[in-house]
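Encoded as structure tokens, the structure appears first; notes follow it.
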Amino acid sequence: MYRIRFHGRGGQGMKTASRILGSALFAEGFEVQDAPRYGAERRGAPIFAYVRADRRPINERGIIRRPDLVVVADDTLIPVPAAGVLAGLDAYSVLLIHSHESADTWRRRLNTPARVLVLPLIEESADRADLPYVGAVCAGAAACLLGVISEDALATALRDELGPLGEAVVQRNLDKALAAYRQMVEVCGVVTEGREANAADYTPPEWISLAFEGANVSAPVIHAGLTSSAVKTGLWRTLRPVIDYDRCGRCWWVCSSLCPDGAIQVEEGRPTIDYDHCKGCLVCVAVCPPHAIEAQPERTAESLETPK
Amino acid sequence: MSRVLLTGNGAAAWGARLARVDYVPAFPITPQTEIIESLASWIDGGEMRGRLVTLESEHSMLTAAGAAAATGVRVFSATSSQGLLYAMEMLYTVAGWRTPFVLVNVSRGLSAPITLEPDHNDVLAARDSGFLQIHCADCQEVLDSVLIAYRLAEDSRVRQPVLVNLDGFYLSFTREPVTVPGPDEVDDFLPAFDAESIAFRASAPESQAVAVLGGGPYSYFRYETHLALLNGLTVYDEVAADFAERFGRAHPAVEAYRCDDAEIVLLMMGSFATKARAAVDNLRDAGQRVGLLRPRLLRPFPAHSLVAQLVGKRGVAVIDQNISMGKGGVLHAEVASVLYGHKDAPLLVSFVGGLGGRDISPEEFFEMVKVVAAAAQRGEAPPPRLLYTEDELREIRKLQTLAHVERNSLGEG
Ligand code: SF4
Ligand code: SF4
């Protein structure tokens with residue numbers, strides 16, 4: 006059985022990627038299962054989707070613990086622990102990163118047993134959550150790596166999935182997906198079907214017996230305010246609002262009270278944005294009367310940052 | 003007939019579409035919403051006849067479903083979790099009205115704490131309501147079960163609402179190959195609803211669901227409903243046999259997978275049972291005689307099939323994806339009750355796992371089989387076990403630190 010995981014951000018089309026790959030495998034005669042994993046998150050938050058394919062009916066379901074192929078649509082997710090991008094990779098797995106850095110760089114950085122490949126970023130988009138063809142591109146590259154999907158099957162699958170969006174959209178996505186497929190021809194078929202669980206030789210689960218604990222400990226209660234500040238929702242941001250203090254008119258009640266996340270603090274009339282928690286919704290950009298807040302792509306903003 | 007990739011939600015919607023339902027009272031709730039969205043778009047686009055109305059709550063939705071069914075039209079509705087519980091008063095009520103319709107529930111764990119992923123405490127809260135219950139393990143079964151459910155509900159020997167259950171995420175959002183039968187084939191299997199005496203109409207007064215004072219009349223009506231559900235066992239077998247003959251897919255009241263020569267049996271319901279199926283294959287590859295039993299029908303309870311399958315086995319791991327607070331796994335108690343007094347009944351070991359969508363790994367299935375085999379050898383069952391690992395306890399300790407639990411435990415809160 007093939008087990009494939011796609012990692013990206015909400016809005017980058019990971020569900021579409023999994024569906025294109027799933028449909029392509031189905032068109033090639035495989036039994037298929039594909040599913041996105043949503044939580045309570047939104048655009049920009051880490052999400053993943055997965056695909057299983059086998060010649061026999063598939064009984065496994067749910068999250069894939071030991072993937073044969075992991076495709077990362079957005080390399081900024083790799084260091085985000087909550088994204089779990091590297092989980093379960095072993096020496097038999099392939100890790101494909103959509104990135105403008107080289108495979109060697111990633112190999113050095115990650116120290117993973119998996120085989121690391123890079124799918125070069127075709128174009129830089131202003132908004133990472135809005136890379137227009139990233140779903141199709143990732144599906145196209147993955148299709149080639151599996152080595153069991155023809156270009157025709159990929160094209161049929163892409164048409165099935167994106168058809169309702171109109172011929173122009175289909176054609177643009179198809180061009181990108183096929184280009185990505187062809188970029189991978191040298192490593193076509195590098196992904197192999199994973200091994201099945203072995204009931205004769207397995208590591209037993211470390212079960213424990215839960216003991217009683219009083220309700221003061223065991224009730225689902227948060228015994229303090231503001232604990233959500235520990236969750237750095239700023240990691241979901243793909244565009245960063247930056248205040249130009251030369252233009253800022255200090256009408257702080259506007260931006261600070263309209264920020265839905267309470268991420269704008271005011272001291273002596275001067276607004277500052279808490280980037281640990283600003284989710285990049287850009288409401289502040291829209292409401293600022295003198296247009297003193299600019300939206301910068303996160304990657305550009307990061308590179309401009311002065312090292313602390 | 004075509005074989006396409008569909009989610010469980012999509013399969014449920016296709017079931018309703020092929021059943022040519024007349025009326026769909028609806029209310030959205032995750033992870034069920036895609037079902038009513040699909041139906042709404044088909045009706046809107048003229049691909050499907052019928053009328054979809056959004057109500058202001060699940061309570062009203064169920065009232066509308068029961069009331070519409072009392073007029074003799076074919077009714078479909080869907081909900082999940084908290085929504086099912088919010089409608090609970092009306093679930094019991096409309097079942098007492100003896101009105102046939104189909105309600106799909108997409109299982110999701112109950113609050114508190116609130117969650118999105120599945121277990122069966124929501125649908126089991128409706129266990130005693132008078133709805134028949136079919137539990138699905140894959141997306142194909144969802145579509146097929148909706149069709150079977152209408153035949154079952156509308157049969158004059160039953161005439162009760164039927165609940166079709168599928169697990170959130172694991173089926174609702176998961177695409178699998180599903181054979182969508184052609185409309186003509188379905189029409190032959192499930193002709194238009196012949197409502198017979200069900201004809202509640204304006205200007206033709208009838209009192210539905212009257213009040214009774216005194217336990218005698220009340221007992222009569224309640225027990226008649228119980229008997230109608232028991233009839234469901236025979237009717238189900240007939241309908242499933244007819245379905246299998248026409249469509250080539252067997253959906254027996256109890257799925258028995260590699261059970262014939264099995265010594266140890268895994269017993270569980272819902273989509274997680276397919277994980278157990280995979281584990282059975284792995285265990286068989288390793289030379290162990292293990293099988294899986296999966297009740298598809300929970301109400302009426304297929305006691306005879308279960309007893310026939312279980313008597314003579316050495317041990318059974320009953321894996322409950324639910325928990326009855328203060329008792330334990332619901333299925334365990336139900337299976338134990340039907341085996342009581344049977345000579346050669348197997349030893350039952352109770353496991354609770356998969357709460358709130360918690361995964362059950364292949365290794366855990368292997369280990370459960372090992373525990374059951376050892377227990378059968380000793381002739382004594384170990385205490386019930388929650389599938390819960392040391393890592394998971396470490397994780398909750400971390401969350402408790404974030405939640406400042408230590409303040410309380412130190413008596414400062
Ligand atoms: S709304 Fe704009 S101008 Fe007013 S305080 Fe905020 S950033 Fe400055
Ligand atoms: S983009 Fe602006 S309004 Fe939105 S969360 Fe960040 S600071 Fe608040």
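Each protein sequence line maps, in turn, to chains A and B.
Heads up, the final residue of the first sequence is numbered 313 in the working numbering, and it's a clean run with no missing numbers.
Heads up, the final residue of the second sequence is numbered 415 in the working numbering, and it's a clean run with no missing numbers.
Every residue, glycine too, gets a C-beta built ideally from N, C-alpha and C.
These figures come from a predicted structure and were not determined experimentally.
Residue i beta carbon near ligand 3 (any heavy atom closer than 7 Å)
| i | result |
| --- | --- |
| A50 (chain A) | Ligands present in the displayed structure are limited to ligand 1 and ligand 2, and ligand 3 is not among them. |
Under the three-state DSSP convention, the category residue i falls into
| i | result |
| --- | --- |
| R187 (chain A) | helix |
| F175 (chain B) | coil |
| K313 (chain A) | Confidence at K313 (chain A) is low in this model, with a pLDDT of 43, below 50, so the placement of that residue should be treated as unreliable; the coordinate-derived value is given next. Coil. |
| S352 (chain B) | strand |
| G413 (chain B) | Because the pLDDT at G413 (chain B) is just 46, under 50, the model does not fix this residue reliably, and the value given afterwards should be weighed accordingly. Residue state, collapsed to three classes: coil. |
| A300 (chain A) | strand |
| P41 (chain A) | strand |
| E240 (chain B) | helix |
| R380 (chain B) | helix |
| P276 (chain A) | strand |
| G217 (chain B) | helix |
| L326 (chain B) | The sequence shown places Ser at residue 326 (chain B), rather than the Leu named in the question. DSSP places S326 (chain B) in strand when its eight states are reduced to three. |
| L100 (chain A) | strand |
| V267 (chain B) | strand |
| D196 (chain B) | coil |
| P169 (chain A) | helix |
| G13 (chain A) | strand |
| P185 (chain B) | helix |
| L231 (chain A) | coil |
| L30 (chain A) | helix |
| V288 (chain A) | helix |
| Q290 (chain B) | coil |
| T238 (chain A) | helix |
Neighbourhood of residue i by C-beta, 6 Å cutoff - its chain only, sequence neighbours within 5 removed
| i | result |
| --- | --- |
| V354 (chain B) | D322, I325, G331 and L388 |
| F245 (chain B) | I150 |
| R8 (chain A) | R57, I69, P72, D73 and G199 |
| I102 (chain A) | V77, D80, W111 and V123 |
| G413 (chain B) | Because the pLDDT at G413 (chain B) is just 46, under 50, the model does not fix this residue reliably, and the value given afterwards should be weighed accordingly. For G413 (chain B), where only same-chain residues beyond five positions count, there are no Cβ hits under 6 Å. |
| K313 (chain A) | At K313 (chain A), the pLDDT of 43 sits below 50, so the modelled position is not reliable; the number obtained from the coordinates is stated separately. Cβ neighbours of K313 (chain A) beyond the five flanking positions: none. |
| V90 (chain A) | H12, V77, L82 and I83 |
| S147 (chain B) | I136, C138 and V166 |
| H122 (chain B) | S109, Q323 and N324 |
| I269 (chain A) | C260, S261, P276 and I278 |
Start-to-end residues for the beta strand (DSSP E) that takes in residue i
| i | result |
| --- | --- |
| H122 (chain B) | Neither: H122 (chain B) is in no beta strand (DSSP E) and is coded neither H nor E. |
| N284 (chain B) | Looking at the DSSP string, N284 (chain B) is not in any beta strand (DSSP E); the run it does join, the alpha helix (DSSP H), is F274 to D287. |
| L333 (chain B) | From DSSP, L333 (chain B) is part of no beta strand (DSSP E) but of the alpha helix (DSSP H) over V332 to L341. |
| N203 (chain A) | Where N203 (chain A) is concerned, there is no enclosing beta strand (DSSP E), given that its DSSP letter is neither H nor E. |
| P51 (chain A) | P51 to D59 |
| E257 (chain B) | V256 to Y259 |
| N167 (chain B) | V164 to D169 |
| E120 (chain A) | Contrary to the premise, residue 120 (chain A) reads as Arg rather than Glu in this sequence. Segment R120 to P125, the beta strand (DSSP E) holding R120 (chain A). |
| V76 (chain A) | L74 to V77 |
| E107 (chain B) | At residue 107 (chain B) the sequence reads Asn, which differs from the Glu that was named. Its beta strand (DSSP E) spans residues V104 to S109. |
| V90 (chain A) | Neither: V90 (chain A) is in no beta strand (DSSP E) and is coded neither H nor E. |
| I136 (chain B) | L134 to H137 |
| L299 (chain B) | L299 to R301 |
Nonlocal neighbours in the same chain, by C-beta distance under 7 Å from residue i, ignoring five residues either side
| i | result |
| --- | --- |
| A305 (chain B) | V340 |
| A15 (chain B) | I37, S40 and L41 |
| A182 (chain A) | A141, V142, A144, G145, L159 and L163 |
Inter-residue CB distance, residue i and residue j (contact presumed, cutoff 8 Å)
| i | j | result |
| --- | --- | --- |
| R275 (chain A) | R255 (chain A) | 7 Å |
| V75 (chain B) | Y25 (chain B) | 5 Å |
| T391 (chain B) | P210 (chain A) | 6 Å |
| Q135 (chain B) | L300 (chain B) | 4 Å |
| V212 (chain B) | P163 (chain B) | Contact flag wrong, Cβ pair sits at about 19 Å. |
| C141 (chain B) | G47 (chain B) | The Cβ separation is near 23 Å, so there is no contact. |
| T176 (chain B) | A40 (chain A) | 4 Å |
| L154 (chain B) | Y238 (chain B) | 6 Å |
| A204 (chain A) | L285 (chain B) | 4 Å |
Start and end residues, alpha helix (DSSP H) containing residue i
| i | result |
| --- | --- |
| Q311 (chain B) | A305 to L312 |
| Y152 (chain B) | C141 to E156 |
| R112 (chain A) | A108 to L115 |
Residues near residue i by beta carbon distance below 8 Å, same chain, minus five either side
| i | result |
| --- | --- |
| V267 (chain B) | C261, V292, G293, L294, L295, Q311, L312, K315, G317, V318, A319 and P348 |
| G93 (chain A) | I69, R70, R71 and P72 |
| W44 (chain B) | A15, R19 and M50 |
Q. What are the uninterrupted segments assigned as alpha helix (DSSP H) that are 4 or more residues long and contained completely in the segment 5-89 of chain B, given in chain order?
A. Counting only runs of at least 4 residues, the segment 5-89 of chain B fully encloses the following alpha helix (DSSP H) elements, listed from N- to C-terminal order: 10-20, 35-46, 60-71 and 83-88.
Q: Would you list, in sequence order, the uninterrupted beta strand (DSSP E) runs of no fewer than 3 residues that lie entirely inside the segment 243-277 of chain A?
A: 244-248 and 269-272
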